[in-house]
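Protein chains in written order, with our numbering: chain A, 1 to 355; chain R, 356 to 974.
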Amino acid sequence: MTTQELEQLLAQQPIALLHRLARGRVQRHFRAGKRRLIEVLLRHSAENRPGFESDLMTLIGEQQARPSPPPPPQTPAARKPKPSAPQRRTTHRPVEPESHEPAITLSSWLEGLGVPPTKAFIPDAWQEDAIEKLRKGDVVVSVPTGSGKTYVAVEAARRAIAENRTVIYTSPLKALSNTKYTEFSKIFGPDQVGILTGDRRDNGQAPLLIMTTEILRNLLYDAGGGEIDVRLDTLGLVILDESQYIADPERGVVWEETIIFCPSQARMLLLSASIGNPHDIAEWITSIRPTPCHLVRHTTRTVPLRAGYLHPNGKLTPLFRTVGIPHGHPSYLHTEAKRLFIQYEDETLPSRSRR
Amino acid sequence: MPPSIHPIDLILALRDKHLTPAIVFLTSRRACDEAMQAFDHSQILLPPPRQRAIADVLDKVIAQYPSIAEHPLIPTVQRIGVAAHHAGHLPSWKIAVEELMRHGCLDAVFATTTLAAGVDFPARTVIITQSSIRKSRDFMDLTIGEVQQIAGRAGRRGKDLVGFAIVTPSPYIDLNVLTKGFTGHPEAINSQFVISYPMVLNLLKAHPLDQIQPILAKSFAQFQLNQRAEVLERKLDDLRDQMEPYGPRVCTDWITEWQTFDHVRRQKSHRAPVRRHEPPEVAARFHFLTPGRVVAFGRTRGVVLRQYRSKGQKSPMITALRLGGGITESPASTVTEVSDRVLDCVDAPVYPWCTPESVEELLHHLEELPGRLPELPILIPKDDEPIPDAIVQTLGDFACPTCPSRSACQRDYPVASKLRQEQHRHVKSIQALRTSLWHRFQEKIDVLQQFGYLTPTAHLTEDGEWARLIRIDHSLLITELLRAEAFNGADPAMLAAVMSSIAHDDDRPGAFPRVSSGLASLLGQVRKLAASLSPHEDPPLLRADIAAVTERWIGDPGLTWIGLCKSTTMAEGDIYRLLARTLEFLSQLHTLKATHPGLADTASRAIANLRRGVLEELP
Ligand SMILES: Nc1ncnc2c1ncn2[C@@H]1O[C@H](COP(=O)(O)OP(=O)(O)O)[C@@H](O)[C@H]1O
């Protein structure tokens, strides 16, 4: 490969691949934009050109093996699909089940935009289900963002408080705790809600206490060591919001500790955004707690979502050929979006347009 | 064509299509700030009633949080109806922006993706400009779950019939990551269980040593390790079935028997032995350079992904994942140390020879390993000489040549021995999966015993009793500082300053106030101690410039927030976060009032000084 060929090949790769290639080779490569990154990589490749090229080819090979190659950045002339040849992202278009329907228009994509008429609040079936299941045991809720997890938390807390039980609600961030403190104070009344931080305790005797998960973990450790601090004996419900944080590299362990040491008489309610394996979480909790843990999950969004593409020149088009999101078909791109994006890549990457 | 759409064009396009309000996720704070500046002289004004609505909401928030009354963004927010919301801002400012969004007053908010989880407000439209995100100093592609969390902010229940997630390209974008994110299923999440010193102390405070293993077994980490072990156990069952035809023959352990016989036979044969030009220690080591083995190459450490022999020379080679993420092909002779540690890794048939998850995990474990690891004792045979005569069995000692099952053994040996090796490997992996947490716990116990926080029977010592109350990062450094009485005589400002240099983990450079000479020499002492603890705990950055900011704020109660902000180039939000974290650290010191009354008192005076102005606004 000549240096120029190598440069071209690099320019054809997505930036993520270049970063992967740069790992361990180039310091602070994440700070560099694509053009700069290619420059630095080329300079570096001089040290061990064969090793560099072989790594590059391996990464490209891997990329092909990925289920959905991205639209190959190509000059239009070279864009002829060859379905029989092995799919190589740099030279061929990915095979895609051909749609017989024509791609939708922008106006049909925008259709239906607007404000819904106001309706009386009727809880969703999954919300009722979650609250009901909490009577029988712990509950993990995994639903898309914006579905209405707060309603479940509020209703569950209301019931526990009515039974003279203390409720602890935790969030991963102090900022979110503050927001919830304001929100819950409005719903339950200011005397019913307290907040605990490392150095401050506002209304610490209230039946509904808000804190970060770290603070709760510390309370549980103190209780384990014999120093009862908050009234853990009357604790009836622990709500862990944003519990997908259990997978946070630095802080995830705190969620595990909290769940392991949560007093057995208290029910646990875990609220989480959509994750791939919520049943694992439920099964795990069932295996370590006295009551079974139920999973309440739904994956469809309450407000449907559409995806679009906005070109830097201000032109808007649908991103996919369908009005909604074509689940399971990542390369079902709208022809116009595809065309514009290829044009974008061609124009922003000088080394490619030189050909 | 510009590399990305101009903010004014963006807002005009959104307004034109009735796609407001929108959250515009940008790559950096700087990008957000620049987007706001673009509106400075813009005339795309809101109609007066909407401007008034914004002013009304802002007035209410300002009444509660006076710190934002003079916020420089307010004019633009009011005139144009756009705002920025990122970690460089004060929490009170972010509350104001959120409140404006909740009231539907704004057309757009420019935010950073880093805080997608912290952006607790929805909009009709979300604009996505990037496909990767900075995570612990490296840019990583967004996961499907992350793309959906970001896109999920679009479409407010009760306010929108549909939501829109719109991609607009920037030079960083990989469209494939996003389309996959929109259309895919979120990834499974994995446990990130880390065993820390305070965890060990607190568990041993409440439970005797023999109850610890069952407690660790309750973790999600162990749950997932068990899942992996079960997969291997199923494979093992499979292997057992496959081994069926290779059960006992004339001799019970015919596989070993045949192996030895075959070996001796080859030694005896007159053909020149396959000579490889490799020193005996390399040859001896090569057996141990199996996937997962932690090794050192001079000063850098790595983990073996596979071993092979080079094509032409047949010299022993390994592929290794090095600390920092590089994957290299090196001659086995470049390995300078073979540790006794083997990390779990799930093999794969192609580069990088294990699953991508394994790479991540291995890297993670590599980083976590202590500075010094025990070396594997490897017996190095002297030169290439054959096994000494005394031990060598002559061919006559084997029954094989005349054995009735000789031909069967000869035929089956390659398959059977491979299956058996695989069995052994799985058995070992399963054992590792079942016991790894406990081993990690024991390692921490060893260190705590060595430092005198635990007795030889793993009970808390007097020091352990108070040390367990320090439940923050760098706890070992902090408790060792207390034992060294490093803070005796330190005033509140100095104590707080040191705590903030321990708490602060960002290496973003900037201009800062000068440190006092007292603080500088105390920090020197802290640095020395931190370096000496580095085999057991990663040292914090301990930036003197950062400490100086805290020192000024606590040391001079007359200093205003504006005054403090002017003394450094650090963003307001960063200063706030620094002081808030310092507060957290100080309040942990405050819990030591029974054993360290003087220190607890200094800490509480520092807290009182720290909590003023902006830092008093929120709990
Ligand atoms: N059953 C329902 N019917 C109508 N609107 C609902 C229902 N449940 C929740 N909402 C509304 O949906 C919006 C999003 O709810 P929220 O709890 O914030 O979502 P998330 O699941 O992201 O926490 C809120 O405005 C809430 O009032």
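For every residue, glycine included, the Cβ atom is placed at its ideal position computed from N, Cα and C.
- For the pair R/L815 and A/S171, the Cα-to-Cα distance works out to about 32 Å.
- For R/G928, the enclosing alpha helix (DSSP H) begins and ends at 927 to 945.
- By the Cβ-count criterion, R/R384 is buried, with 16 or more other Cβ atoms from all chains shown falling within 10 Å of its own Cβ.
- Between A/A153 and the set A/L18, A/N277, A/S108, A/E242, the nearest pair of CA atoms involves A/E242.
- Cα atoms of R/V881 and A/G252: separation of roughly 29 Å, rounded to the nearest angstrom.
- Within chain A, no C-beta atom comes less than 8 Å from the C-beta of R/T834; the nearest is roughly 16 Å away.
- A/K186 has a beta carbon lying at 8 Å or more from every beta carbon in chain R.
- Its chain contains P362, F465 as the residues whose beta carbon lies nearer than 6 Å to that of R/A390, once the 5 sequence neighbours on both sides are disregarded; these appear in chain order.
- If you draw a straight line from the Cα of A/A120 to the Cα of A/P326, it comes to about 32 Å.
- Proximity of chain R to A/G148 at the Cβ level (cut-off 7 Å) is accounted for by R512, in chain order.
- Burial state of A/E256 is buried, judged by a 10 Å Cβ sphere holding 16 or more other Cβ atoms.
- By the Cβ neighbour-count rule, A/V141 is buried, with 16 or more other Cβ atoms within 10 Å of its own.
- By the rule that beta-carbons nearer than 8 Å mark a contact, A/Q244 touches chain R.
- Around R/Y663, no beta-carbon contact reaches into chain A at under 7 Å, the shortest distance being about 14 Å.
- Note on geometry: alpha-carbon atoms of A/V254 and R/R775 lie some 41 Å from one another.
- Residue range 174 to 188 is occupied by the alpha helix (DSSP H) that includes A/Y181.
- Close CB contacts of R/L944 within its chain, under the 7 Å cut and outside five residues either way in sequence, are with L954, A955, A958 (chain order).
- Here the stretch 557 to 569 of chain R does not lie against the stretch 514 to 531 of chain R, with fewer than 3 beta-carbon pairs under 8 Å apart.
- For R/G436, the secondary structure class from DSSP, reduced to helix, strand or coil, is coil.
- The three-state reading of DSSP puts R/S685 in strand, counting E and B together.
- If you compare the alpha carbons of A/L176, A/S264, A/T286 with that of A/V238, the shortest gap goes to A/S264.
- Runs of the alpha helix (DSSP H) lying entirely within the stretch 851 to 906 of chain R and spanning at least 4 residues, in chain order: 872 to 887.
- Distance from A/R217 to A/G236 at the Cβ level is roughly 19 Å; contact not present, criterion being Cβ atoms closer than 8 Å.
- For R/E692, the enclosing beta strand (DSSP E) stretches over residues 692 to 697.
- The criterion of a C-beta distance shorter than 8 Å is satisfied by R/V437 and R/L461.
- Between A/A103 and A/H334, the beta carbon gap of about 5 Å places them in contact (Cβ cut-off 8 Å).
- In this chain, R/Q805 is not harboured by any beta strand (DSSP E); it is covered by the alpha helix (DSSP H) spanning 761 to 805.
- Across the structure, A/H279 and R/A543 are spaced so that their CA atoms are roughly 10 Å apart.
- The closest heavy atom of ligand 1 lies 7 Å or more from the beta carbon of A/Y332.
- For R/W448, the closest C-alpha among the options R/I417, R/P890, R/Q433 is that of R/I417.
- Counting only runs that start and end inside the stretch 94 to 145 of chain A, the alpha helix (DSSP H) elements of at least 4 residues fall at 106 to 110, 125 to 136.
- For A/I122, the distance from the CB to the nearest heavy atom of ligand 1 is below 7 Å.
- Apart from sequence neighbours up to five positions away, the residues of its chain that approach R/S359 with a beta-carbon distance below 8 Å are T484, T523, P524, S525, P526, ordered along the chain.
- Under a criterion of Cβ atoms nearer than 9 Å, the residues of chain R adjacent to A/D248 are, in order, Q547.
- DSSP places A/D202 in the strand class (E or B) of the three-state scheme.
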